[in-house]
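Take a look at the structure below.
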Amino acid sequence: MSGLVCTPSIVPGATARTQAVIINDGWLPDIEPDAIALAVRIPAGILAERIRAACIGAILTLAPDLALFAAAQLLGGHASLADVPALQLDGKSRLVLLYERAVGALAKAELIERHRDVDQAGGAQRDASALDMSPDQLRRDATHAIRQILGRSATTVELI
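Note that numbering that gives the first Met the number 0 has the sequence shown beginning at 0, numbered continuously upward.
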């Protein structure tokens, strides 16, 4: 009698991440590392501590870019980025979504640079990983998101 025998997979399944929310400065929104990891497709094998550290690094990088904007909005009576008048999408302020996008892009860029296995897949996944963005592209997306929050154009062109 012949039959098909299945053996358990040696590839670990995706585990649910349950990281605590990163409490921001009170004006900028708090960040959920798990949501960021899902949004920017950080592989499940990356340690939660590394994702959290990358998100905190991104928040620290973005803070100076938004400091003057935040001060002006506070003077205008807006207690947080979510309170600044903006289009609402899926129950969230467009500005908050852009900020989360910037944090995610910078966090993934840092993870790719510091942990090369984040963006490298084996075998059949190589074609899909070729579609992943480079750290430079991710930084560009973060810059564009911040410039949109600030109400600036994405590109500055000067005539020489």
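Glycine included, every Cβ here is placed at the ideal spot set by N, Cα and C.
Check	Outcome
Where I55 falls: helix, strand or coil (DSSP)	helix
Residues near A108 in its chain [Cβ-Cβ closer than 6 Å; skip 5 each side]	P134, L137, R138
A38 versus G76 - alpha carbon distance	31 Å
Neighbourhood of P28 by C-beta distance below 8 Å, restricted to the same chain and skipping five residues each side	S79, L80, A81, V95, Y98, E99
Beta bridge counterpart(s) of Q87 as assigned by DSSP	S92
For D64 and A104, believed in contact at Cβ under 8 Å, the rounded distance	Actually they are not in contact, since the Cβ atoms of A104 and D64 sit about 13 Å apart, beyond 8 Å.
First and last residue of the uninterrupted alpha helix (DSSP H) at L149	134-149
Reduced DSSP secondary structure (H/G/I, E/B, other) of I111	helix
Alpha helix (DSSP H) segment containing L37, residue limits	32-38
Cβ-based burial, L61 [other Cβ within 10 Å; buried from 16]	buried
CA nearest to the CA of V102, picked from M132, A69, V83, C54	C54
For I21, the residue or residues it bridges with in DSSP	I30
Assumed close pair W26, A69 - CB separation to whole angstroms, cut-off 8 Å	5 Å
Contact check, R40 vs L110, beta carbons under 8 Å	no
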